[in-house]
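Novice: In the numbering used here, the protein residues as written are 1324 to 1821.
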Amino acid sequence: MSKALLKTDNLQNFIDGEWVEKHESAPVINPANGKTIVDVPLSDEKDVSKAVEAAGKAQKEWALVPAPQRAEVLFKAGQMMKERKERLSQLLTMENGKVLEEARGEVQEGIDMAFYMAGEGRRLFGHTTPAELPNKFSMSQRAPVGVVGIITPWNFPIAIATWKSFPAIVAGNAVIWKPATETPIMAYELAKILEEAGLPKGIMNVVNGRGSAVGDAMVHHDDIRVISFTGSNETGRNIASECGKQLKKVSLEMGGKNAITVMDDADLNLAVEGIIWSAYGTSGQRCTAASRVIVHEDVKEKVEERLLVEIEKLAIGDGLDESNKVGPIINKAGLEKIEKYIQIGKEEGAKLMAGGYVLDDDKYAGGHYYAPTLFTDCTADMRISQEEIFGPVISLIPVKSFEEAIDVNNGVSFGLSSSIFTTDANRVFQAQRDLDTGIVYVNAGTTGAEIHLPFGGTKGTGNGHRDSGVQALDVFTEWKAVYIDYSGKLQRAQIDTE
Ligand code: NAP
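1) Sorted by chain position, which residues of the same chain lie with C-beta nearer than 7 Å to Val-1542's C-beta, five sequence neighbours on each side aside?
2) When every heavy atom of ligand 1 is checked, does at least one fall within less than 7 Å of the C-beta of Thr-1605?
3) Taking 7 Å as the cut-off, is the beta-carbon of Cys-1701 closer than that to any non-hydrogen atom of ligand 1?
4) Less than 8 Å between the beta carbons of Met-1447 and Ala-1390, yes or no?
5) Can you round the beta-carbon distance between Arg-1427 and Lys-1405 to whole angstroms, since I take them to be within the 8 Å contact cut?
6) Could you tell me which residues DSSP puts in a beta bridge with Asn-1786?
7) Quick check: does the Cβ of Ala-1503 come within less than 7 Å of any heavy atom belonging to ligand 1?
8) Would you mind giving the Cβ-Cβ distance between Thr-1770 and Ala-1612, rounded to the nearest angstrom? I have them listed as a contact below 8 Å.
9) Taking the alpha carbon of Ser-1535 as the reference point, which residue from Asp-1797, Asp-1367 and Gly-1792 has its own alpha carbon closest?
10) Tell me whether Lys-1663 is buried or exposed, calling it buried when 16 or more other Cβ atoms sit within 10 Å of its Cβ.
11) Determine the extent of the beta strand (DSSP E) in which Pro-1467 is found, giving its start and end residues.
12) Whose C-beta lies closer than 6 Å to the C-beta of Leu-1517 among residues of the same chain, with five residues either side of it excluded?
13) In angstroms with no decimal places, state the Cα-to-Cα distance between Ile-1661 and Ile-1653.
14) Between the C-alpha atoms of Ile-1599 and Asp-1621, what's the straight-line distance to the nearest angstrom?
15) Could you check if Pro-1467 is buried or exposed, using at least 16 other CB atoms within 10 Å of its CB as the buried criterion?
16) What residue range is occupied by the uninterrupted alpha helix (DSSP H) comprising Ile-1818?
17) Using only alpha-carbon positions, find the residue among Ala-1694, Ile-1481 and Leu-1758 that is nearest to Tyr-1603.
18) Would you kindly check if the distance between the Cβ of Lys-1459 and the Cβ of Tyr-1764 is under 8 Å?
19) Quick check: is any heavy atom of ligand 1 less than 7 Å from the C-beta of Trp-1477?
20) From the DSSP output, read off the bridge partner residues of Ile-1473.
21) Closer than 7 Å: is that where the CB of Asp-1790 sits relative to any heavy atom of ligand 1?
22) Mind pulling the alpha helix (DSSP H) runs of 4 or more residues that sit fully within the stretch 1574 to 1610?
23) First and last residue of the beta strand (DSSP E) that includes Leu-1697?
24) Buried or exposed for Ile-1639, going by 16 or more other Cβ atoms inside 10 Å?
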């Protein structure tokens, strides 16, 4: 199936509009069955330099193309992604493991982002404002930064890339993209689409390879003026400190320890449905996945009972089989990390009520599968309630009041997404004000962000920037203030206004 869909055994880099072979490569493994799908190039610093040089030249011309014309390419790309949605979704499931239904949702996010950012070609608004002095005009406008670097993780291989590259492109930049080594197929497919959509050569460059080689070279390259990174906290912090030394703009989207709060007045069926979808969808490997459930003590038992019933119903297996609702874990290291935390949870005294083991029957041969897991009677300070596990594991924390729920929600070092289930209108408004996360849901789970709203988090989740939404443009543009004096004399601003 992979050959029929991909029509190649080896992916190539895409540099200066050319598809470039590399001698060194690594296999891309389907996490559902352990089979190699294709090989991905392992590039080095020289490949990054070639791409940056080409991008630098191309960007100068691209910046002069009127933004509505730049946007035309994104409209075409969005249309092509729509036409290829099923193929892209199947390939995404194969390289990442998420079930097909979710893969289709992710590809749709990319399509939505193409059309949304194409619309920005006719906006890219700045401001005109009154000037202090007579016969003087003033405005602010966005200018492209130049060559920008994007580094993306394996868990949303196409959506996150579109959140970053489409605003960069429409704003007049050239992009160097390093996809995660586990999931380079979406990068190959998206670059092909942009090429066919008419993007001039050198504006999108895909340089595959390890983070420690290609990513590091991008971070250190003087001519890459922005790094937009999504991934783990540890990698992000290292990138930020290096960018800080160079005064390079850096946008970071990192981990989460997201919670769903269930109040005593909640619609419990709805809440349980939201918990199951947010915690076990994508096997808990979403940055917005719910890994904590904060429950009012009066409904704790009911919530636990209903969760156990729903966990039992979850069909786990290869995401290409549409009867499965939960797919595999990305790789062995991911599985080992989950196992480590299960052990920690047990030692901390949390009560293991479901799961807690690797699925290794014949049905799962070759793949990496973990049973959906529920720990109850957790305290807010346990490591399993504080640290990102990135697997299908819930820590359920009972609380006595709304105020305590808010404190527990906010008492972690991350701040990406949070959710509350309640039917009390006053609590709804208090919660949306007091939950200290970049994304807040009421009567919905912690996942399901829409692309025209800002995506990102507070505290250890990021450094104040946002992906997607119109706010994404701030990462890839510089604000320029322009003053045009048509008085015919030298006016000295504050001195002449005294
Ligand atoms: P990761 O290990 O940090 O990798 C992310 C990307 O960084 C990959 O492309 C990786 O390349 C690259 N990289 C690794 N070392 C690097 C270095 N020294 N310099 C430059 N680049 C380097 O993270 P992950 O495990 O793939 O992704 C999961 C994490 O992402 C989770 O923590 C999750 O919460 C977070 N995430 C956050 C968001 C958000 O928006 N907040 C969204 C999705 C995921 P290689 O993989 O090729 O080595």
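We put the beta carbon where it would ideally sit given N, CA and C, even for glycine.
Specialist: Considering the structure as presented:
1) Non-local C-beta neighbours of Val-1542 in its own chain, meaning closer than 7 Å and more than five positions away in sequence, comprise Ile-1550, Ile-1562, Glu-1565 and Cys-1566, ordered along the chain.
2) Outside the cutoff, so no.
3) no
4) Per the sequence shown, residue 1447 should be read as Leu rather than Met. Against a cut-off of 8 Å, the Cβ pair of Ala-1390 and Leu-1447 comes out as a contact.
5) Actually they do not touch by this definition, with Cβ atoms about 12 Å apart.
6) Note: Asn-1786 sits in no beta bridge, so no partner.
7) yes
8) 7 Å
9) The residue with the shortest Cα to Cα distance from Ser-1535 is Asp-1367.
10) By the 10 Å Cβ count, Lys-1663 comes out exposed.
11) 1459 to 1467
12) Ala-1400 and Met-1527
13) Straight-line Cα distance between these residues: approximately 12 Å.
14) When the Cα atoms are used, Ile-1599 and Asp-1621 turn out to be separated by approximately 20 Å.
15) buried
16) It is not in any alpha helix (DSSP H) - Ile-1818 carries neither H nor E in the DSSP assignment.
17) Selected option, being the one with the closest Cα: Ala-1694.
18) no
19) yes
20) Trp-1500 and Ser-1551
21) yes
22) 1591 to 1603
23) 1696 to 1699
24) buried
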